[in-house]
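If you read the sequence shown in numbering that gives the first Met the number 0, its first letter stands for residue 0, the second for the next number, and so on.
Quick notes on the structure that follows.
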Amino acid sequence: MAARVLLRRRVAAPFMAATLVGGALFPSVALAEAPSHDHPLKKPIYDDYETFLPPKNSITPVPSPSSDTIPQTPSPSQKPHRPTPTDRLAVEIGKARLFLYRYAAATEDTVNGVVDSAFHLERSFTSTIASLAPARETGEQLMPGLVYVLVASMAGSIATRNRNILLRATVPLVFGVSAGWLLIPVTMTNVTDLLWRYERRFPTVANAHLQTRQSIQDAWRFTRVHVDVGKNYVDEKVTNARDIVEGWVKKGK
Numbered sequence: 000m001a002a003r004v005l006l007r008r009r010v011a012a013p014f015m016a017a018t019l020v021g022g023a024l025f026p027s028v029a030l031a032e033a034p035s036h037d038h039p040l041k042k043p044i045y046d047d048y049e050t051f052l053p054p055k056n057s058i059t060p061v062p063s064p065s066s067d068t069i070p071q072t073p074s075p076s077q078k079p080h081r082p083t084p085t086d087r088l089a090v091e092i093g094k095a096r097l098f099l100y101r102y103a104a105a106t107e108d109t110v111n112g113v114v115d116s117a118f119h120l121e122r123s124f125t126s127t128i129a130s131l132a133p134a135r136e137t138g139e140q141l142m143p144g145l146v147y148v149l150v151a152s153m154a155g156s157i158a159t160r161n162r163n164i165l166l167r168a169t170v171p172l173v174f175g176v177s178a179g180w181l182l183i184p185v186t187m188t189n190v191t192d193l194l195w196r197y198e199r200r201f202p203t204v205a206n207a208h209l210q211t212r213q214s215i216q217d218a219w220r221f222t223r224v225h226v227d228v229g230k231n232y233v234d235e236k237v238t239n240a241r242d243i244v245e246g247w248v249k250k251g252k
């Protein structure tokens, strides 16, 4: 038994050495990839399936009968489509809805226009009233001045209560306007400017106003000139009379 074991060890050692030397001198490559298709002897496993497939270039798409590419010719047996009562009812309902929409839109536009005009009128009125008030720098107060103007107008009405209708209409107005120019001149100036702006919208009224104003100014100027002339005449006569009296007094002494 011992001889066999020794013999096996002696044989195995030279065999292993020969195997290592052969592997080092003649190496062999193990391919893990599939072999190339150049080998005519090997055939793929899907060769039978690929032989039955038609070539790609020979396939042409066939359009379906319902597609738009094929012009459809109406057959003589087909009849034109007529609207049904439901379609007619839908059309009438659409017309009624459009009419109601237009009417509602027109009503809404009208209401919006009326509201806008009222708003602009209110703003114009408030701004106009505010523009008539005097500035703080003038020191003019409206409340006592307006009360005095009202009292002056009532006094004119009381003074002419037994006169004719013309005096009863004009005298209170003259008293009130005169008191206004004396007590609240800044406010009266603002009022006259506002009235003039409105009068310029009517050229006839504006021209009549200018002519009346010019005639009043001319009459006032003429009156003042005559008053000055009369005053100078009276002063001259009084001076002459005084000189004569003084001369008499001197002669009497």
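Even for Gly, the Cβ is constructed at its ideal location relative to N, Cα and C.
Proximal residues to residue i (C-beta, below 7 Å), its chain only, five neighbours per side dropped
i	result
V258	Because the chain is modelled from 0 through 252, residue 258 falls outside the range shown and cannot be assessed.
V228	none
P202	none
Cβ shell of residue i (< 8 Å), same chain only, five flanking positions each side left out
i	result
L88	none
V173	G155
V233	none
For residue j and residue i, believed in contact at Cβ under 8 Å, the rounded distance
i	j	result
A158	A178	Wrong, their Cβ atoms sit about 14 Å apart, outside the cutoff.
P125	L193	According to the sequence provided, residue 125 is Thr. The question's Pro does not apply to it. Not really, about 14 Å apart at Cβ, beyond 8 Å.
R212	A205	Between A205 and R212 the Cβ distance is about 11 Å, and since that is not below 8 Å, they are no contact.
Residues near residue i by beta carbon distance below 6 Å, same chain, minus five either side
i	result
R167	T159
M187	G179, W180
H80	none
A103	none
Beta-carbon spacing of residue i, residue j below 9 Å
i	j	result
P143	G155	no
L131	N189	yes
W219	H208	no
L120	Y147	no
L149	G175	yes
Heavy atom of the ligand ADP within 8 Å of residue i beta-carbon
i	result
D234	This structure lacks the ligand ADP, and indeed carries no ligand of any kind.
As an exercise, report each continuous alpha helix (DSSP H) stretch of at least 4 residues that is fully enclosed by the region 127-166, in chain order.
141-158
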